[in-house]
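So the sequences go chain by chain: W and D. The first sequence runs 285 to 711 under the working numbering. The second sequence runs 109 to 615 under the working numbering. For each residue, glycine too, the CB sits at the ideal point set by N, CA and C. What follows is a short report on a single structure.
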Amino acid sequence: MALSPIPGLIPVYEDYARCIHCGLCLNACPTYRLWNLEADSPRGRIHQMIHVEQGEVPVTDSFVDHIDKCLDCRACETACPSGVEYGKLVEYARARIERDYRRPLLSRVARDVVYRRLLPYPKRIATVARLLRFYQRSGLQSLARFTGILKLFGLDKRERLLPRVDSNFFYDRLGKTFPATGERRARVAFFAGCVANVTFAELNAATIRVLTANGCDVVVPNGQLCCGALAAHAGVRDVARELARNNLRAFLLNDVDAVVTNAAGCGSTLKEYDHLFTPGEPEYGQASAFAKKTRDVTEFLTALGLSALLKALPLRVTYQDSCHLLHGQKVREAPRKLLRAIPGLDLVELPYSDLCCGSAGVYNVTQTDASLELLAEKMHCASATGAQVIATSNPGCLLQMRAGAEIYQSNQQVLHVIELLDQAILN
Amino acid sequence: MHVDCKGDASLTIVGKEVTYLPAENTARKPLHRDVIRGLQNILGASMVLHRPEDLLLYEYDGSVEKGRPGAVVFPTTTQEVSQVVRLAAQHDVPVIGRGAGTGLSGGALARTGGVMIVFARMNRILELDLENQRAVVQPGMVNYELTRAAEAGGLYFAPDPSSWKSCTIGGNVSENAGGPHTLAYGVTTNHVTALELVLPDGEICRVGSRHGDSVGYDLAGLFVGSEGTLALVTEITVKLLRKPENVKTLLAIFDDVDGASETVAEITARAITPAACEMLDGWTLRAVEDFIHAGFPLDSAAVLLIELEGLAEVVAAQVAAVEEVCLEHHAREVRVARDEQERELLWRGRKNAFGALGRIAPSNYVLDGVIPRSKIPQALRRIREIGERYNFKIGNIFHAGDGNLHPIVLFDPRDAGQYQRAIEASAEIIRYCVEIGGALTGEHGVGMEKSELMPLLFSDDDFGLMRRIHDAFNPRSALNPGKIFPLNKGCGEITPRAQAAVRAVPL
Numbered sequence: 285m286a287l288s289p290i291p292g293l294i295p296v297y298e299d300y301a302r303c304i305h306c307g308l309c310l311n312a313c314p315t316y317r318l319w320n321l322e323a324d325s326p327r328g329r330i331h332q333m334i335h336v337e338q339g340e341v342p343v344t345d346s347f348v349d350h351i352d353k354c355l356d357c358r359a360c361e362t363a364c365p366s367g368v369e370y371g372k373l374v375e376y377a378r379a380r381i382e383r384d385y386r387r388p389l390l391s392r393v394a395r396d397v398v399y400r401r402l403l404p405y406p407k408r409i410a411t412v413a414r415l416l417r418f419y420q421r422s423g424l425q426s427l428a429r430f431t432g433i434l435k436l437f438g439l440d441k442r443e444r445l446l447p448r449v450d451s452n453f454f455y456d457r458l459g460k461t462f463p464a465t466g467e468r469r470a471r472v473a474f475f476a477g478c479v480a481n482v483t484f485a486e487l488n489a490a491t492i493r494v495l496t497a498n499g500c501d502v503v504v505p506n507g508q509l510c511c512g513a514l515a516a517h518a519g520v521r522d523v524a525r526e527l528a529r530n531n532l533r534a535f536l537l538n539d540v541d542a543v544v545t546n547a548a549g550c551g552s553t554l555k556e557y558d559h560l561f562t563p564g565e566p567e568y569g570q571a572s573a574f575a576k577k578t579r580d581v582t583e584f585l586t587a588l589g590l591s592a593l594l595k596a597l598p599l600r601v602t603y604q605d606s607c608h609l610l611h612g613q614k615v616r617e618a619p620r621k622l623l624r625a626i627p628g629l630d631l632v633e634l635p636y637s638d639l640c641c642g643s644a645g646v647y648n649v650t651q652t653d654a655s656l657e658l659l660a661e662k663m664h665c666a667s668a669t670g671a672q673v674i675a676t677s678n679p680g681c682l683l684q685m686r687a688g689a690e691i692y693q694s695n696q697q698v699l700h701v702i703e704l705l706d707q708a709i710l711n
Numbered sequence: 109m110h111v112d113c114k115g116d117a118s119l120t121i122v123g124k125e126v127t128y129l130p131a132e133n134t135a136r137k138p139l140h141r142d143v144i145r146g147l148q149n150i151l152g153a154s155m156v157l158h159r160p161e162d163l164l165l166y167e168y169d170g171s172v173e174k175g176r177p178g179a180v181v182f183p184t185t186t187q188e189v190s191q192v193v194r195l196a197a198q199h200d201v202p203v204i205g206r207g208a209g210t211g212l213s214g215g216a217l218a219r220t221g222g223v224m225i226v227f228a229r230m231n232r233i234l235e236l237d238l239e240n241q242r243a244v245v246q247p248g249m250v251n252y253e254l255t256r257a258a259e260a261g262g263l264y265f266a267p268d269p270s271s272w273k274s275c276t277i278g279g280n281v282s283e284n285a286g287g288p289h290t291l292a293y294g295v296t297t298n299h300v301t302a303l304e305l306v307l308p309d310g311e312i313c314r315v316g317s318r319h320g321d322s323v324g325y326d327l328a329g330l331f332v333g334s335e336g337t338l339a340l341v342t343e344i345t346v347k348l349l350r351k352p353e354n355v356k357t358l359l360a361i362f363d364d365v366d367g368a369s370e371t372v373a374e375i376t377a378r379a380i381t382p383a384a385c386e387m388l389d390g391w392t393l394r395a396v397e398d399f400i401h402a403g404f405p406l407d408s409a410a411v412l413l414i415e416l417e418g419l420a421e422v423v424a425a426q427v428a429a430v431e432e433v434c435l436e437h438h439a440r441e442v443r444v445a446r447d448e449q450e451r452e453l454l455w456r457g458r459k460n461a462f463g464a465l466g467r468i469a470p471s472n473y474v475l476d477g478v479i480p481r482s483k484i485p486q487a488l489r490r491i492r493e494i495g496e497r498y499n500f501k502i503g504n505i506f507h508a509g510d511g512n513l514h515p516i517v518l519f520d521p522r523d524a525g526q527y528q529r530a531i532e533a534s535a536e537i538i539r540y541c542v543e544i545g546g547a548l549t550g551e552h553g554v555g556m557e558k559s560e561l562m563p564l565l566f567s568d569d570d571f572g573l574m575r576r577i578h579d580a581f582n583p584r585s586a587l588n589p590g591k592i593f594p595l596n597k598g599c600g601e602i603t604p605r606a607q608a609a610v611r612a613v614p615l
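Now the structure itself:
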């Protein structure tokens, strides 16, 4: 049986050969640091990919296991002196696994439901969110935690990582334009995300407030859907491509100076929309244009310069780099500059802030133990800084570290950089 | 200089039979299942890798060499290491130690198969004595992580190979690793005071002393740089240095290589010992600049990266003196990094230089020759000439202060002929280094990469003495066989044993 070709970017020889197996990535890789296994290091994973690509080794359980265990945090790209684009390689490996490998039934069903039947559909996300909200608010959650029934099903750890569902969803703001306060300095389109609409509505609202307060007209295009990052990272390329096509239609690029997102994970994928298509395809040009116009909100505001007046926030704050901002988009200084711009705010560096907190998209659900080990390390370092607030730049990281603050009772708030800016803006 | 080659099966060096076989004969022979079972009994099944798909991830390191072990094990205590070594000895199977596998000479590869002990899980600091500037670490401790831990007390571990963020101290000890700051602070051996060892029969012993000079034989010094051929190192006591009060990093830009080389000689002649003195040639710095944007001018012929450290007043005087020397030797410009960020950027250009060349060609071969400092200009001319003759781009990034060259030959491993020619060109460069009074290796070790070239530097008598030391500890070549001493083939050639580690991907 002939296999269907994998759509989108396919790495070529030079992409693999850039890895000169020097090993400088090893200690930068969270999973290598956990297990010290070459197979769970970037260098080892690339070698496994090469063997599979060469047809020397089939797509085995072992290969799938090691590729699944990769966080796709791309810290190895920052460490790599040779410029290996590991993200490209691992996403292709996952697309190959999706095509060539039959996962166990439960895993197949779960992946099908999440990537194909849930994330692309806002109404279904809303329905699930309402059910979840009922669970969280009706006392069921307290009951479940109290009775220990979750433990019985092995769900106790995962349940803690559930996002808290908002009282008001963000959906009603889609299609609206929020005018700049004062002099208009830019016009941007806001990317609202998928699950963020029901769990980070307040963060989205804060982002719009901060942007308008700094002289931006903010358009929230109607018809936008999930960016496709989770599907792309999981190797479900057809869904990611369909979502990308939809967003290419929904955003009128000529109308705005930038497409702005507050989610580093989404931003990283939006900036690589062209990877989902090949140069011969009709969408490729538009996807490249979209990619070039995408900015993380911290990056955009830093470049624009803050114009809103800020009041003092006398807080000790530490910053955890969101992997897909630092390693995926190579943005390191922008969020720190914004935090330093807030009067009275004392920014202390977090040791190992460039190491993943374990959130990594759905990693905390699929690889819960590893995720929680990374979280434990993270909260340990964060505690030692004595910071009252842990700031970061991505909703996934917020969820993970909020769970961490709860588990370890660290008494620390976990906030998006934009939420701190929002608090500091004088009305 | 003579080595007597005696066919394929064994090798005679000064009349002594060597018991190991050539790599091809044993490298892929699976271990007997009793050995695997024994290892599993000692360590538990999860700490023993023996399936082919796992083993092939331990057949490479940072070099172009290959060698696949028959099993890979992850002990966590010295006792376990000793038990593994004892088991291997019972079954007459060689044992190879490995840290992170970042080495550049194949030192941590299983040249003749056997059991590979990976020390990555023995990575704890056992003791950090900031007051007395000592640390006791397990061999799998990452070099950079030790410095991070010591920073709290204003201390650091001085040896800083380019791979310092990933490489292990055990590996540094085995290869006697250097780094850019070797010029002022010496190589690893200058920073190791005591070792715990497991000998080839499984015996555990300690050498050296924690404080003060050791009385009698410098046994710790004997084991540092022995490339795992005398014993396995299971615990290391190191010195930590206090961070200097002041550090200044200068970038001197030259329009010709000779000016840069003469500057290096003149600086040391004026009794200034920089903490580091690094040179990049024009072609290399252009390649690096493309990627790092360290501010190296694209039209220059060479840059020197000079670091001075010490008390603030001394450093200020030295900076002025070094600037003067540079300008006297026609430096176009001398820049002094204004802050930590600029300093880091300049160093990033240097430390990532090898990798940056990986962007230009699919594979590269990093050499490690040493020459007298005064002969840098002529050596660079010869390297260029060799590159032209073999039709390779050869970059030069090196520790100019101590004459440690790192020519880097760029090639495409898809072309088997190119690989062969790259090896030949490299051998010619190394031979030239030795001819003009230098050495085969400055800091990467001999490993399996340069074992065949050793006769260029050492006579039969030299080998005889080394062999006696080797045999006093490791008479059956049970530890890391096929390293340092030449096997039987080349007689002064680097002989490729297998295709380069990065192979062609037919896409």
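Three-state secondary structure (DSSP) of residue i
i: D/G205; result: strand
i: D/N354; result: strand
i: D/A409; result: coil
i: D/V172; result: coil
i: D/T337; result: coil
i: W/R471; result: strand
i: D/L139; result: coil
i: W/R600; result: strand
i: D/K62; result: This structure cannot settle anything about residue 62 of chain D, because the visible part of chain D is limited to 109 through 615.
i: D/S274; result: coil
i: D/T296; result: helix
i: D/M224; result: strand
i: W/L293; result: coil
Neighbourhood of residue i by C-beta, 8 Å cutoff - its chain only, sequence neighbours within 5 removed
i: W/L710; result: A592, L593, L594, K595
Alpha helix (DSSP H) segment containing residue i, residue limits
i: W/T545; result: Counting along the chain, W/T545 falls outside any alpha helix (DSSP H), though it belongs to the beta strand (DSSP E) covering 542-545.
i: W/C500; result: Looking at the DSSP string, W/C500 is not in any alpha helix (DSSP H); the run it does join, the beta strand (DSSP E), is 500-503.
i: D/Y236; result: One point to set straight first is that residue 236 of chain D is Leu, not Tyr, in the sequence displayed. Here D/L236 belongs to no alpha helix (DSSP H); instead the beta strand (DSSP E) covers 233-237.
i: W/P406; result: 406-421
i: W/G328; result: 326-337
i: W/V688; result: The identity of residue 688 of chain W in the sequence shown is Gly, whereas the question assumes Val. Per DSSP, W/G688 belongs to the alpha helix (DSSP H) from 679-691.
i: W/I702; result: 701-708
Residue i - containing beta strand (DSSP E), residue span
i: W/A575; result: No beta strand (DSSP E) contains W/A575, which is instead part of the alpha helix (DSSP H) from 568-577.
i: D/R440; result: 439-444
i: D/P515; result: 515-519
i: D/A243; result: 242-245
Close beta carbons around residue i, own chain, < 6 Å, minus the five adjacent residues each side
i: W/K577; result: L537, A542, V543
i: D/R315; result: Reading off the sequence shown, one finds Val at residue 315 of chain D, where the question assumed Arg. These residues qualify, in order along the chain: L303, L327, A328.
i: W/V673; result: L599, V601, Q697, L699
i: D/L139; result: G178, A179
Spatial neighbours of residue i in its chain, beta-carbon cut-off 7 Å, leaving aside the 5 residues before and after
i: W/C313; result: S325, P326, A359, C360
i: D/D169; result: G209, T210, G211, G214, A216, L217
i: W/I304; result: S366
i: W/A547; result: G477, A480, N678, P679
Under 7 Å from the C-beta of residue i: neighbouring residues of chain C
i: D/Y168; result: Absent from the structure is chain C; the protein chains it does hold are W and D.
Residue i CB to nearest heavy atom of the ligand MG below 7 Å
i: D/V365; result: The ligand MG is not part of the structure shown, which contains no ligands of any sort.
Any 3 or more C-beta pairs closer than 8 Å across the stretch 500-507 of chain W and the stretch 452-464 of chain W: A contact exists between the stretch 500-507 of chain W and the stretch 452-464 of chain W.
contact_flag[the stretch 341-357 of chain W, the stretch 211-226 of chain D] where n(CB pairs < 8 Å) is 3 or more: no
At least 3 beta-carbon pairs within less than 8 Å: the stretch 265-279 of chain D vs the stretch 222-236 of chain D: yes
Whole runs of the alpha helix (DSSP H) within the stretch 373-422 of chain D, excluding any shorter than 4 residues: Correct list: 390-400.
Touching by the beta-carbon criterion (3+ pairs, under 8 Å), the stretch 579-586 of chain D and the stretch 509-521 of chain D: no
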